[in-house]
Ligand code: GCU
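Here it is as C-alpha cells:
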C-alpha cells in the first residue's frame, strides 16, 4: 500500500515538474489575490485581457483596473496609455498589450507610472519556415506546430487548437501581431482549398490574440495549382488568377495579413523567369491584395553565382527599383548583406532605398549560431544591428529609423524574425532559445530596449523568484537570488553572442561552415564542382600573404554601397571596426592590431577567448543549480558541455587550417590544439 501511495505521489510530483519543464515559457506567474477589472465593452480579445489580469495579478488585493477603449491621436496603432489605474487604447489589441505590460512590470518589479507606450513598428511578424509535410527548414525544435505529415494531415485536432492558442498567447504577450505560417521556399499547395481551410482554422485561433495570419507563396502557383500555362506577372489571366485567389482567401479569412515572397532566389520561381522584374512581380500581388487591405513582403535575399561579390548583389538588383513598388509592398531585407552570419555589417539597402518601404528580417532560429545546442542570446546582435548608424539622412539615421517611418514616409512599417519554434516540449529546443523568441518580440515592439533589460525581464519571468508570502526558511531570499542567479546568468547571456563569434568566426570572418548544415567548422570545405559562393574559401580568402575579403576599392568595392563617412571608415583598416576587419579587408598575417598584437596572434587569442568564455558559462550555470527546476538545469548543463566541446573544435579546426597559410606558431600561452 505504502509503495503504491509513494508511486502515486511520485507520479503527481512528476506531473508538477512537467508543468514547469519549460512549456509555459515566460508566462508562469499565478495570482494569489483578486483584482477588480472594469471594462464596458466585451469581445473575445477583451475577455482574454480580463482573464490574464485575474490569472496573473501581482498588485494590491482587490485593486480596480479599468480597461478603456478611447479616441486619442497620440496613441499609435496598437499602443496604449498605462497607469496604475488601468489601460487606455484605441484598439482591442492595444488593451491586451497594455495588460501584458502591466503584468510584466508587476512581475519584474518595475514602476508603473503614467505612460504613453507606442510600438516602433506597425507589423511585428514571425516567419515560420515550416513545410507542409511537418518538417521545419533550419528548425531545431522538432516538427512544425502548424503542419503534419500523413493522411490526416489537414484534420484539425483539439491538441492543435490548444497548441495554437498557447502559441498565440505567448506572442501576444510580447507584442507579435503577425505569423507567416509556411516556409519561404513555398509549396504552391498552400494556396489550394484544402490547405486554406487549415489556414483559416489557425487564423481563427490567432485572431482574438491580435495576430494576423500570412502565407509564403510560390510565384509559379498560377501554373502549378491554377493550371495556367504561365506565371508571367503581366499576363491578364495570371492577374485574374491572383485576384480570384485573394478574394477566395479573404472570404475565408477577412483579416488575412498578406503574402511573403521569395522569388528568383536560390532556385525559387519568380518574375525574371518570364523576362519581368521584381517590381512587376511584387505589384501583381500587391494589386490583388490591395482591395482587401493585404500586404506583400517581397524578399531581397537574392544572389547568383557570378563574379560579383555576393555581398553586393541584393543592393545592385533592388536599388534601380526604388520608388516603383506599390504602397502595400514592403521589401524584406535580411540584417546583413550575406546570410544571417554570426556577425555581419548591416545590409547597405537600409536607408538607401528612400522611396520604398523596407523592413528587416532577423533570424531567431540559430541556423548559423549553434542551432538549439549553443546558448547564444541574440538580443545584443540585434541591438547592434538596429542601432547601426547608416548616415543616410545624417547622424541618427540608425537602421531602426530607416525602417520605422520616422526618417522616410512609409505607408506601412514592419519587422520580421525567422521563428525558432517547434513541437519540442520547451518549444525552442534549448531552454535559453526561448529568450530569443522573447527578445525578438520585445525589440520589435520597442527598438530602444536594451539587451540588458530584455535579459533581466526574461530571467525574472522564466525563473520566477518566489513571492515573499510563499517563503519559509528553506526558500531563497530575493537578494540572494539576485546576486547568485540573476546577476551572473544575465551576464552569461549578454556575453554569449560575442563568445560564439569569437570561437566561430572572429574579426569579421564569415561563412566558414562545413557542408550544408551550417553547424560545425569547415574553412577548407570546397568539394569539386560546388558553386564557388557556397564554399568557405570564397569568403575567408586565406593565403600565405594574409586573410580576409577585400571589399575596398582595390577589391570588390562593396564599401561603396555604404554612405559616407561609413564608406571611408570601412575602407581604411585603421578606422574599420576590428569586429568587421576581415569582412572588408584582406590583411597580412603580421598586420598590427590596435592592441599591438599581430593579426595572426589576435586571431588565436580571439578563438581561445571564445572557448574560455563557454567554460566560464558552464561554471556559472553549475552554480545556478539550486535556483532552477532540475529538469531544465540538467538540460542546459548538458547542452553547455556540448557547446564547450564544439567551441574547442571550432578553435582547433580553424587555427590549424589557417596556420598552414600563416606559417606562424600559436602563441605559447594558449591552450594547444587537441
Ligand atoms: C539560407 C538558409 C536557407 C533559406 C534561405 C532563405 O540560405 O540556409 O535554408 O531558405 O536562407 O532565407 O531563403
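Numbering (the UniProt record's numbering), first residue to last: 1 to 674. We treat Cβ as the ideally placed atom computed from N, Cα and C, and that holds for glycine. As the structure is a prediction and not an experimental result, all values here were calculated from the model.
Tell me which residues share the same chain as residue 106 and place their Cβ nearer than 7 Å to its Cβ, disregarding the 5 neighbours each side in the sequence. Counting from one through the chain shown, the residue named residue 106 turns up at place 106. 58, 59.
Does the beta-carbon of residue 672 have 16 or more other beta-carbons within 10 angstroms, so that it is buried, or is it exposed? To locate residue 672, count along the chain shown from 1; it is residue 672. By the 10 Å Cβ count, residue 672 comes out exposed.
With 9 Å as the threshold, decide whether the Cβ of residue 447 is near any Cβ in chain C. In summary, chain C is missing from the structure at hand, where a single protein chain is found.
Look up residue 571 in the DSSP assignment and say whether it is helix, strand or coil. Start at 1 with the first residue of the chain shown, and residue 571 comes out as number 571. If DSSP states are grouped into helix, strand and coil, residue 571 belongs with the helices.
When you compare only the Cα positions, how much space is there between residue 34 and residue 86? Position 34 of the chain shown holds residue 34. Position 86 of the chain shown holds residue 86. In a straight line, the C-alpha of residue 34 is about 15 Å away from that of residue 86.
Member of 23, 26, 169 whose CA lies at the smallest distance from the CA of residue 44: By 1-based counting over the chain shown, the position of residue 44 is 44. For the residues 23, 26, 169, the minimum Cα distance to residue 44 belongs to 169.
Between residue 123 and residue 240, what straight-line distance do the alpha-carbon atoms span, to the nearest angstrom? Within the chain shown, the letter at position 123 stands for residue 123. Within the chain shown, the letter at position 240 stands for residue 240. Rounded to whole angstroms, residue 123 and residue 240 show a C-alpha spacing of 28 Å.
How would you write the range of the alpha helix (DSSP H) that residue 239 sits in, first residue to last? Position 239 of the chain shown, counted from the first residue, corresponds to residue 239. It spans 236-252 - the alpha helix (DSSP H) in which residue 239 sits, taken as one unbroken run.
Out of 190, 354, 579, 642, which one is the CA nearest neighbour of residue 344? Here residue 344 is taken as the residue at index 344 of the chain shown, counted from 1. With distances taken between Cα atoms, residue 344 lies closest to 579.
Within the present structure, is the beta-carbon of residue 533 separated from the nearest heavy atom of the ligand GCU by less than 8 Å? On the chain shown, position 533 is the one that residue 533 refers to. Answer for residue 533: no, Cβ out of range of the ligand GCU.
When 652, 597, 661 are compared against residue 540, the one with the closest alpha-carbon: Residue mapping note: residue 540 aligns to position 540 of the chain shown, counting from 1. Nearest C-alpha to residue 540: 661.
Residue 361 - containing beta strand (DSSP E), residue span: To locate residue 361, count along the chain shown from 1; it is residue 361. It spans 357-363 - the beta strand (DSSP E) in which residue 361 sits, taken as one unbroken run.
Quick one: what's got a C-beta closer than 7 Å to residue 576's C-beta in the same chain, skipping five residues either side? As a first step, residue 576 is located in the chain shown; it is residue number 576 there, counting from the start. Within the same chain, residue 576 has close Cβ partners 569, 570, 584, 585.
Does the separation of the CB atoms of residue 248 and residue 206 fall below 9 Å? Reading the chain shown from its first residue, position 248 is the one you call residue 248. Reading the chain shown from its first residue, position 206 is the one you call residue 206. No, Cβ-Cβ distance for residue 248 and residue 206 is not below 9 Å.
So, do the region 347-363 and the region 394-410 have three or more beta carbon pairs nearer to each other than 8 Å? yes
Would DSSP call residue 311 helix, strand or coil? Locating residue 311 in the chain shown gives position 311, where the first residue counts as 1. Three-state result, residue 311: helix.
Is the region 247-262 close to the region 198-214, with three or more CB pairs under 8 Å? Segments in contact, yes.
Residue 517, buried or exposed, once every other Cβ within 10 Å from all chains shown has been counted against 16: Indexing the chain shown from 1 puts residue 517 at position 517. Here residue 517 is exposed, its C-beta having fewer than 16 other C-beta atoms within 10 Å.
Would you say residue 301 touches the ligand GCU, meaning its beta carbon is less than 8 Å from a heavy atom? Looking up residue 301 in the chain shown gives position 301. Residue 301: yes, Cβ under 8 Å from the ligand GCU.
Which value, in whole angstroms, describes the spacing of the CA atoms of residue 279 and residue 214? Counted from its first residue, the chain shown places residue 279 at position 279. Counted from its first residue, the chain shown places residue 214 at position 214. One C-alpha to the other measures close to 21 Å.
Give me the Cβ distance between residue 305 and residue 557, rounded to the nearest whole Å; I'm assuming they're in contact under 8 Å. Mapped onto the chain shown, residue 305 falls at position 305. Mapped onto the chain shown, residue 557 falls at position 557. Not confirmed; about 19 Å, so no contact.
So does the region 499-511 actually touch the region 625-634, counting three or more Cβ pairs closer than 8 Å? no
Throw me the rounded Cβ distance for the residue 413 and residue 621 pair, which I believe falls under 8 Å. As a position in the chain shown, residue 413 is number 413, starting the count at 1. As a position in the chain shown, residue 621 is number 621, starting the count at 1. With a Cβ gap of about 39 Å, residue 413 and residue 621 do not count as contacting.
Quick check for students: name the residue ranges of the beta strand (DSSP E) that lie wholly in the region 118-183, counting only runs of 3 or more. 123-127, 178-180
With distances taken between CB atoms, is the gap from residue 273 to residue 283 smaller than 9 Å? One-based indexing of the chain shown puts residue 273 at position 273. One-based indexing of the chain shown puts residue 283 at position 283. Not closer than 9 Å, so no.
With 16 other Cβ atoms within 10 Å as the buried cut-off, status of residue 236: Within the chain shown, the letter at position 236 stands for residue 236. Answer is exposed; the Cβ neighbour count stays below 16.
Looking at residue 440 and the ligand GCU, is the gap between the Cβ and the nearest heavy atom below 8 Å? Counting from 1 along the chain shown, the entry for residue 440 is found at position 440. Outside the cutoff, so no.
Confirm the yes/no value for this check: CB of residue 317, any heavy atom of the ligand GCU, distance under 8 Å. Along the chain shown, one-based indexing puts residue 317 at 317. No, since every heavy atom of the ligand GCU falls outside the 8 Å radius drawn around the Cβ of residue 317.
Contact test: residue 437 Cβ vs the ligand NAD heavy atom, cutoff 8 Å: As far as ligands go, the structure on display features the ligand GCU and does not contain the ligand NAD.
Report the start-end ranges of each beta strand (DSSP E) in the region 377-445 that is 3 residues or longer and not cut off at the edges. Listed in chain order, the complete beta strand (DSSP E) runs (minimum 3 residues) inside the region 377-445 are 414-418.
Quick one: is residue 94 buried, meaning 16 or more other Cβ sit within 10 Å of its Cβ, or exposed? Here residue 94 refers to the residue found at position 94 when the chain shown is read from its first residue. Label assigned to residue 94: buried.
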